[in-house]
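A.B. asks:
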Ligand SMILES: CC(C)(COP(=O)(O)OP(=O)(O)OC[C@H]1O[C@@H](n2cnc3c(N)ncnc32)[C@H](O)[C@@H]1OP(=O)(O)O)[C@@H](O)C(=O)NCCC(=O)NCCS
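Spelled out as structure tokens, the structure:
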């Protein structure tokens, strides 16, 4: 058995900055409400017609990660792509990355675990590397939310939170099993599936011909729904549980954490976790202020920025943790 380790990180966000004041011009909201409830100051939105998609952003992030990993794209043995906002209903973006990067015909897998998507994707990559099946795995988290948000007052409690962007990591084989990814921990609780969901264009028990015939501009099932307070309450509990689970599995304590990179759901959630584990500001990395919640992209964007800022050093204990729609949640414990 081997371990896996992250050897390259990259991210890409659209240039277009959308501030809270910008949003207040199109819906009844304001900077004070958004900052107080979420910590978000601005986010990035793709500009209509400029060609950026979930896949193209993922490819841009992946190119940086591959270059920093110091490997050739043809050394990649497998692709895992996490998103809730795929370019197409099918096929998923994994194969589009294989095509657009011009990688040989390696396997490409799509992960549908929303805010926990990157943690799930890393866990999958880790298993393949651990068993020796693959040596280098490209993991991408990318989201294009802005096209699908209700940018009116009706959708304000959801649409002010989410932003566009992509992050990527290259994982490779580590022979020393005391280093790299020590363990991953995944959970789900489908009984709360609809509490944070986007029902359309899922077929459910609907016929697509009926949907097209209805062509109802007021069909809210095409916009994401979130029971905000319920999500918040579950998030703080599950984040804590899964971090403890990961630490205990490795006989570690919260005091051993050098850097916690939580999914950027809401700054208040991160602050709650920070307080609970008595971590100082240097031990928790947040960038939701700049990007909002970018779902599957949020951890790889944050991890990339933390690494670029020199906050991730060899030997550090780095913890990734996520919670989101499904509900799904998980953690990754890394000895960098
Ligand atoms: C979404 C969230 C910020 C909302 O905050 P909240 O304190 O729960 O706010 P509420 O939904 O109770 O709404 C409070 C009031 O603000 C209003 N409001 C909602 N969105 C608003 C906005 N963008 N601007 C101004 N007012 C807004 C509501 O209409 C409500 O008004 P009312 O009291 O007159 O009815 C918060 O619930 C949250 O962060 N939840 C977790 C979200 C999350 O982490 N999601 C991702 C998980 S991966």
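Numbering (our numbering), first residue to last: 14 to 349.
For each residue, glycine too, the CB sits at the ideal point set by N, CA and C.
Bear in mind that the values here come from a model prediction, so they are computed numbers and not experimental data.
For residue 298 and residue 104, what's the separation of their Cα atoms in angstroms?
C.D. replies: Locating residue 298 in the chain shown gives position 285, where the first residue counts as 1. Locating residue 104 in the chain shown gives position 91, where the first residue counts as 1. Computed Cα separation, rounded: 34 Å.
A.B. asks: Let me know the secondary structure DSSP gives residue 9 once reduced to three states.
C.D. replies: Only positions 14 to 349 of the chain appear in the structure, and residue 9 is not among them; the question remains open.
A.B. asks: Is residue 169 near ligand 1, with its Cβ less than 8 Å from a heavy atom?
C.D. replies: Within the chain shown, the letter at position 156 stands for residue 169. Answer for residue 169: yes, Cβ within range of ligand 1.
A.B. asks: For residue 155, which residues of its own chain have a beta-carbon under 6 Å away from its beta-carbon, when the five flanking residues on both sides are left out?
C.D. replies: What you label residue 155 is simply residue 142 of the chain shown in a count that begins at 1. For residue 155, where only same-chain residues beyond five positions count, the Cβ hits under 6 Å are 67, 70, 71, 96, 179, 310.
A.B. asks: Does any heavy atom of ligand 1 sit closer than 8 Å to the C-beta of residue 306?
C.D. replies: For this step, residue 306 is matched to residue 293 along the chain shown. Yes; taking the cut-off as 8 Å, the Cβ of residue 306 has a heavy atom of ligand 1 nearer than that.
A.B. asks: Is DSSP giving residue 207 helix, strand or coil here?
C.D. replies: Position 194 of the chain shown, counting from 1, holds the residue named residue 207. DSSP places residue 207 in helix when its eight states are reduced to three.
A.B. asks: How about residue 302 and residue 55: are their beta carbons less than 9 Å apart?
C.D. replies: Here residue 302 refers to the residue found at position 289 of the chain shown. Here residue 55 refers to the residue found at position 42 of the chain shown. Yes, Cβ-Cβ distance for residue 302 and residue 55 is below 9 Å.
A.B. asks: Check the DSSP bridge columns for residue 184 and list the partner residues they point to.
C.D. replies: By one-based count along the chain shown, residue 184 stands at place 171. For residue 184, which the question treats as bridged, DSSP gives the partners 19, 150.
A.B. asks: For a test of the three-state rule: what should DSSP assign to residue 216, helix, strand or coil?
C.D. replies: Position 203 of the chain shown, counted from the first residue, corresponds to residue 216. Residue 216: coil per DSSP, three-state reduction.
A.B. asks: Put residue 200 into one of helix, strand or coil per three-state DSSP.
C.D. replies: What you label residue 200 is simply residue 187 of the chain shown in a count that begins at 1. Note: residue 200 maps to strand in three-state DSSP.
A.B. asks: Look at the alpha carbon of residue 62 and the alpha carbon of residue 160, and state the distance between them as a whole number of angstroms.
C.D. replies: In the chain shown, residue 62 corresponds to position 49, counting from 1. In the chain shown, residue 160 corresponds to position 147, counting from 1. The alpha-carbon atoms of residue 62 and residue 160 are separated by roughly 11 Å.
A.B. asks: Less than 7 Å between C-beta atoms, sequence neighbours within five positions excluded: which residues of the same chain meet that for residue 30?
C.D. replies: As a working mapping, residue 30 is identified with position 17 in the chain shown. Around residue 30: 55, 57.
A.B. asks: Contact between the stretch 271-282 and the stretch 327-337 is defined here as three or more beta-carbon pairs at a separation below 8 Å; is this criterion met?
C.D. replies: Contact holds: three or more Cβ-Cβ distances are below 8 Å.
A.B. asks: Just the C-alpha distance for residue 346 and residue 52, rounded to the nearest angstrom, thanks.
C.D. replies: To locate residue 346, count along the chain shown from 1; it is residue 333. To locate residue 52, count along the chain shown from 1; it is residue 39. Rounded to whole angstroms, residue 346 to residue 52 spans 26 Å at the Cα level.
A.B. asks: Let me know the secondary structure DSSP gives residue 286 once reduced to three states.
C.D. replies: Sequence index remark: in the chain shown, residue 286 carries index 273 (1-based). Of the three classes helix, strand and coil, the one that applies to residue 286 here is helix, per DSSP.
A.B. asks: Put residue 133 into one of helix, strand or coil per three-state DSSP.
C.D. replies: As a working note, residue 133 is residue 120 in the chain shown. Three-state DSSP puts residue 133 in a helix.
A.B. asks: Let me make sure I understand the geometry here. Which of 116, 181, 148 has the alpha-carbon closest to that of residue 130?
C.D. replies: Here residue 130 corresponds to residue number 117 of the chain shown, with the count starting at 1. Cα-wise, what sits closest to residue 130 is 181.
A.B. asks: Less than 8 Å between the CB of residue 248 and some heavy atom of ligand 1, yes or no?
C.D. replies: The residue you call residue 248 lines up with position 235 of the chain shown. Residue 248 Cβ: within cutoff of ligand 1.
A.B. asks: What does DSSP give as the partner residues of residue 342 in its beta bridges?
C.D. replies: Within the chain shown, the letter at position 329 stands for residue 342. In DSSP, residue 342 forms a bridge with 200, 336.
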